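Take a look at the structure set out below.
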Amino acid sequence: MKQPDYLLKIIDRDQQVRVFLSHTTNLVDEACRRHQTSATASAALGRVLTGAVMMGSDLKGEDDIVTLKFDGQGPAGVIMATAG
Numbered sequence: 444m445k446q447p448d449y450l451l452k453i454i455d456r457d458q459q460v461r462v463f464l465s466h467t468t469n470l471v472d473e474a475c476r477r478h479q480t481s482a483t484a485s486a487a488l489g490r491v492l493t494g495a496v497m498m499g500s501d502l503k504g505e506d507d508i509v510t511l512k513f514d515g516q517g518p519a520g521v522i523m524a525t526a527g
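No gaps in the numbering here: position 11 of the sequence shown is 454 in the numbering used here, and each next residue is one more.
Written out as structure tokens, the structure reads:
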């Protein structure tokens with residue numbers, strides 16, 4: 444049985460420190476399947492998606508979004524993820 448994806452956010456009492464724990468294997472697997480990525484591109488896409496999930500979880504407004512865009516100018520080209 445697959446472990447479900449999750450994001451756990453821990454914030455100290457003074458709201459000075461935040462710790463994020465995430466499991467995004469299912470999200471990344473599905474994105475890689477849809478985009479038919481190579482192993483290297485899959486690793487990069489997974490990092491971008493996970494970062495977007497974590498940053499998106501900190502948004503305050505209902506209509507707020509965050510977009511991460513990485514252009515390594517290599518074979519993978521531009522990798523972009525948006526969360527909101």
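Quick reminder that beta carbons are idealized off the backbone N, C-alpha and C, glycines included. Since this is a predicted model, take the numbers as computed values, not measurements.
Query: For ASP455, three-class secondary structure by DSSP; Result: coil
Query: Same chain only: Cβ atoms within 6 Å of ARG461, ignoring 5 sequence neighbours per side; Result: ILE454
Query: Beta carbon of GLY499 nearer than 8 Å to that of VAL491; Result: no
Query: 3 or more residues per run - each beta strand (DSSP E) lying fully within the segment 457 to 490; Result: 461 to 466
Query: Status (buried if at least 16 other CB within 10 Å, exposed otherwise) for ALA482; Result: exposed
Query: LEU450 beta carbon less than 8 Å from that of MET497; Result: yes
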